[in-house]
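> Take a look at the following structure, please.
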Amino acid sequence: MAAAGVGAAPAAQVAPAQPVSAASTKSVDPEKQKLIGTTQKVNRIREITARKTVEALQISAQLTQLHEVDMTKVAELRKANKPAFQEKHGVNLTYLPFFAKAIVEALVAHPNVNASYNAETKEMTYHADVNLSIAVDTPAGLLTPVIHKAQELSLPELAKAIVDLADRARNNKLKPNDLSGGTFTITNIGSEGALSDTPILVPPQAGILGTGAIVKRPVVITEDGIDSIAIRQMVYLPLSYDHQIVDGADAGRFLTTIKDRLETANFEGDLELS
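1 is the number of the first residue of the sequence shown in full-length UniProt numbering; add one for each residue after it.
The structure is reproduced here in structure tokens:
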């Protein structure tokens, strides 16, 4: 190794940190910038999240199956009905209620996915109700409040429940019952642009479904037996499930039921606008 001095290569210069450009500040949390160079005690939500996700991977046989769904018809239906939906039901018509409705119907059709396994008693419980947990990003961390008996709710009622739970989660107004009893979880991984992820399910739930960002892409479509390339609005739906409860073929059938419902997009009556 050459010693510093005559004949030695000049020392590498460390470039000063550059400020974040204005174009990239949308996703930057100024409060988190204050954490640089510090050591902090984690809050209760982070502690619980850390513990439960590690435990989940230790006691369940998790794997992820990914399906691609054409959301073009849903996107067109949503665009055409957003103003009327807002006026009649008082909430914004996002994509999440469409996903929630399709998932709830699929869980009713595939009760083995809306199930829990007890390894000690070697018993499987097929839940009478679909209690849909909704992953919510809050300033304090991730919370998953529950829409109880979601199978009894209409699409507008699901939309209102999602808005209500998300608002109360972000404002620390959830009650204990709001966070208990979930049988399946949906997480909007596309909210910050992610196309896909591998969500971690938390037992005793059998599954968690992620909804990626909906993006326009050229895809091959077939109409009247003729293939062509068209611009379609596509989304990836990753399903993480517990292989102790759900086999791969069953996971595929469950996702196909959701895919068919969303691509057919017969939601006009579900919007309850007439």
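In this text, a Cβ means the ideal position worked out from N, Cα and C, and glycines have one as well.
1) Could you give the residue range of the beta strand (DSSP E) that holds Thr-125?
2) Less than 7 Å separating the beta-carbons of Arg-164 and Lys-149?
3) Report buried or exposed for Ala-140, applying the criterion of at least 16 other Cβ atoms within 10 angstroms of its Cβ.
4) Please determine, among Val-146, Ser-228, Ala-84 and Gln-233, the residue with the shortest C-alpha to C-alpha distance to Asp-178.
5) So which of Val-91, Phe-99 and Glu-55 has the shortest CA-CA distance to Ile-189?
6) Could you check what DSSP says for Asp-260 in three-state terms: helix, strand or coil?
7) Going by alpha carbons, who is nearest to Lys-216 out of Gly-193, Thr-138 and Lys-173?
8) For Ser-27, which residues of its own chain have a beta-carbon under 7 Å away from its beta-carbon, when the five flanking residues on both sides are left out?
9) Following the continuous beta strand (DSSP E) through Glu-223, name the residue where it begins and the one where it ends.
10) Count the C-beta pairs between the segment 61 to 68 and the segment 226 to 243 that are closer than 8 Å, then say yes if the count reaches three, no if not.
11) Taking the alpha carbon of Asp-167 as the point to measure from, which residue in Ala-75, Asp-270, Thr-198 and Leu-143 has its own alpha carbon closest?
12) Going by beta carbon distance, what residues of the same chain come within less than 6 Å of Gln-33, once the five residues before and after it are set aside?
13) Please state the DSSP three-state secondary structure of Pro-30.
14) Exposed or buried, which one is Arg-51 when buried takes at least 16 other CB atoms within 10 Å?
15) Would you kindly check if the distance between the Cβ of Leu-209 and the Cβ of Ile-186 is under 7 Å?
16) Whose C-alpha, out of Leu-255, Glu-272, Leu-271 and Phe-267, is nearest the C-alpha of Ala-109?
17) For Arg-44, which option in Asn-172, Phe-267 and Glu-152 has the closest C-alpha, if you only look at C-alpha atoms?
18) So, with DSSP's three-state summary, where would you put Val-136?
19) Near Asn-114, what residues of its chain come up, given a Cβ to Cβ distance below 8 Å and the 5 sequence neighbours on each side ignored?
20) Could you check whether the Cβ of Met-124 sits closer than 6 Å to any heavy atom belonging to the ligand GTP?
21) Can you find the residues in the same chain that come closer than 7 Å, C-beta to C-beta, to Ala-11, ignoring five residues on each side of it along the sequence?
In short:
1) 123 to 126
2) According to the sequence as given, residue 164 is Asp; it is not Arg. Not in contact: Asp-164 and Lys-149 (Cβ atoms no closer than 7 Å).
3) exposed
4) Val-146
5) Phe-99
6) helix
7) Gly-193
8) Glu-192
9) 215 to 223
10) yes
11) Leu-143
12) none
13) helix
14) exposed
15) yes
16) Leu-255
17) Asn-172
18) strand
19) Leu-107, Val-108, Tyr-126, His-127, Val-130, Thr-183, Phe-184 and Ala-206
20) Ligands in the displayed structure: none, and consequently the ligand GTP is not present.
21) Only weak support exists for where Ala-11 lies, its pLDDT of 48 falling under 50; the value from the coordinates is given anyway. Here the set comprises nothing.
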